[in-house]
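*Asks:* Pasting in a structure now, in structure tokens, and then I'll have a few things to ask.
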Amino acid sequence: MIIKNLKLRNFRNYEKAEIIFNEKMNLITGRNAQGKTNLLESLVYLSLTRSHRISDDRKLIREGAEFADIQCTYEDEIERDLEAVIYTKGKTLLVGKQPMKKSSEFIGLLNVVLFAPDDLSLFTDAPKERRRMMNQEITKISSRYLLTLNQYQNLLKNRNSLLKSMKVDIALLDTLDEQMSQCEVTIVKMRKEFADRIGKILPQKYIELSQDSQKAELEYRCCLEEIPEQDNDIYQALLAMHQNTREKDMEYHMTTAGIHHDDLNFEMNGSSLINTASQGQKRMAMLAFKLSLLNYIEEKTGKRPVLLLDDVLSELDHQRQSRLLEMVKGPYQCLITATEVPEFLKEQGISEFQIDSGRITQIAGGRV
Ligand SMILES: Nc1ncnc2c1ncn2[C@@H]1O[C@H](COP(=O)(O)OP(=O)(O)OP(=O)(O)O)[C@@H](O)[C@H]1O
Ligand SMILES: [Mg+2]
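Just so you know, we're using the numbering used here here: the sequence shown kicks off at 3 and counts up by one.
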């Protein structure tokens, strides 16, 4: 997948801007607070219909403006135009100028994988954040996952309000348990596949990137201790889990077990990564995870996502910078932001853009 161009109007600090990307490497430089992350954020928005930084869309609209508009043309087999218009109340999503009724029809058409320094907090964050990331990534490859997850969340809300009522309707609780377990089968299977697949690629990517012999691993912490092979067995196990915790759920007036408590566990040499890895190793592990994600998305969709690296190079030593770029520059279109042009990138024939207070100037290369 190649992002051909991006047009912004009243998005963050961009009043009106357009950028035409190179199919391979694009370097976007600028001093602090000029709009580098904002530019990548607009592409994340087109990929997920939400920002990776904030949940209140109104902050994305340029101060004083009524709406923000993000447009891009990308190409996989065909060329397509995507557009998101963000208003203070709601948004319109368009594919080839046609408005989409549901976000699920739009999410994942443009597939980007972003790596930003803040991502390292994922290792120390509460499980909720890792779940959110996992949901987000699986949603990019499957609209069914998103629909099932939304269904589950509605059922969970209903079940929790039922558990708060004075006299719990047991027949209704039985029905909700059955419906929830059905949704959970789909979610558990897709989460397991996600973690298994990425868990297989991760150790090798870590070694390749860091030249460090440690073993980086990823494991799915599912609400079921063991996940059976057959769908019906998974369903029965989930149903039994809800029924076994029913008494406790009634006491606490909430659903204490279920896929809304799942987690991902990152390890280094068999122990929890947070407790053992150095800062540099954590950075390498997160980058290796993102590179594994690229592979996973490509395997599942048959399309190569675009890699967005926000201010990442300055945190790596020269050897690691060049190893990373060697690993990605052939197969993937890359958009890299930095405050300064890394020395060794100067001779690589990349396109270079400079951002100054939301104004973009092309300095070198590209297809203008
Ligand atoms: N809604 C908005 N309207 C106008 N300006 C905004 C809006 N939201 C953010 N900004 C401005 O955007 C700038 C920050 O942009 P961004 O985060 O992209 O910087 P950056 O170039 O990535 O900087 P750094 O190198 O520090 O990461 C700030 O000056 C901020 O005031
Ligand atoms: Mg930034």
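The beta-carbon is built from N, C-alpha and C at its ideal position, and this holds for glycine as well. Only a predicted model underlies this, so the values are computations on that prediction, with no experimental measurement involved.
(1) Thinking C-alpha only, which one of THR363, GLN364, ASP358, ILE365 is nearest GLN36?
(2) If ALA290 and ALA279 are in contact, beta carbons under 8 Å, what's the gap, nearest whole angstrom?
(3) Have a look at the DSSP bridge pairing and note the partners of PHE117.
(4) Since TYR76 is in the alpha helix (DSSP H), which residue starts that stretch and which ends it?
(5) With respect to 7 Å, is the separation between the Cβ of LYS38 and the closest non-hydrogen atom of ligand 1 below this value?
(6) Where does GLU227 sit, in a helix, a strand or coil, going by DSSP?
(7) Return the Cβ separation of GLN216 and ASN271 in integer angstroms, given the expectation that the two are a contact with Cβ distance under 8 Å.
(8) Tell me the rounded alpha-carbon separation between ASP265 and LEU174.
(9) Provide the residue(s) that pair with THR94 in DSSP beta bridges, ordered along the chain.
(10) Nearer than 7 Å: is that true of the beta carbon of GLY32 relative to any heavy atom of ligand 1?
(11) Quickly, what does DSSP pair ASN24 with across the bridge? List them, please.
(12) Under three-state DSSP, which class holds PHE390?
(13) Please report how far the alpha carbon of ALA19 lies from the alpha carbon of CYS336, in whole angstroms.
(14) Cβ of ILE189 versus every heavy atom of ligand 1: is any distance shorter than 7 Å?
(15) For LEU149, collect the residues of the same chain with a Cβ closer than 8 Å to its Cβ; drop the 5 residues on either side in sequence, then sort them by chain order.
(16) Scan the segment 104-162 and note each continuous beta strand (DSSP E) run of 3 residues or more that stays entirely inside, going in chain order.
(17) Under DSSP, the alpha helix (DSSP H) around LYS348 begins and ends at which residues?
(18) Please report the straight-line C-alpha distance between VAL370 and ILE189, rounded to a whole angstrom.
(19) For ILE80, which three-state DSSP category applies?
(20) Does DSSP put VAL370 in a helix, a strand or coil?
(21) Got a sec? Which residues, its chain only, sit under 6 Å from GLU269 by beta carbon, not counting five neighbours each side?
(22) One question on the structure: do SER49 and LYS142 come within less than 8 Å of each other, judged by their Cβ atoms?
(23) Buried or exposed, going by whether 16 or more other CB atoms sit within 10 Å of the CB of THR257?
*Replies:* Put simply:
(1) ASP358
(2) The Cβ separation is near 12 Å, so there is no contact.
(3) LEU311
(4) Taken as a continuous stretch (DSSP letters only), TYR76 belongs to no alpha helix (DSSP H), being part of the beta strand (DSSP E) at 69-77.
(5) yes
(6) coil
(7) 5 Å
(8) 29 Å
(9) VAL87
(10) yes
(11) According to DSSP, ASN24 bridges with nothing at all.
(12) This structure leaves residue 390 out entirely; the chain is present only between 3 and 370.
(13) The alpha-carbon atoms of ALA19 and CYS336 are separated by roughly 20 Å.
(14) no
(15) SER106
(16) Entirely contained in the segment 104-162, the beta strand (DSSP E) runs reaching 3 residues are, in chain order, 114-117.
(17) Note, LYS348: premise wrong, no alpha helix (DSSP H); not H, not E.
(18) Below a pLDDT of 50, predicted positions are generally treated as unreliable, and VAL370, at 36, falls in that range; the measurement from the model is reported next regardless. About 45 Å.
(19) coil
(20) Bear in mind that a pLDDT of 36 at VAL370, under 50, signals an unreliable position, so the number given afterwards is only what the model happens to contain. VAL370 falls in the coil class under three-state DSSP.
(21) GLU219, LEU275
(22) Cβ distance < 8 Å, so SER49 and LYS142 count as in contact.
(23) Residue environment analysis places THR257 among the buried positions, since at least 16 neighbouring C-beta atoms fall within 10 angstroms of its C-beta.
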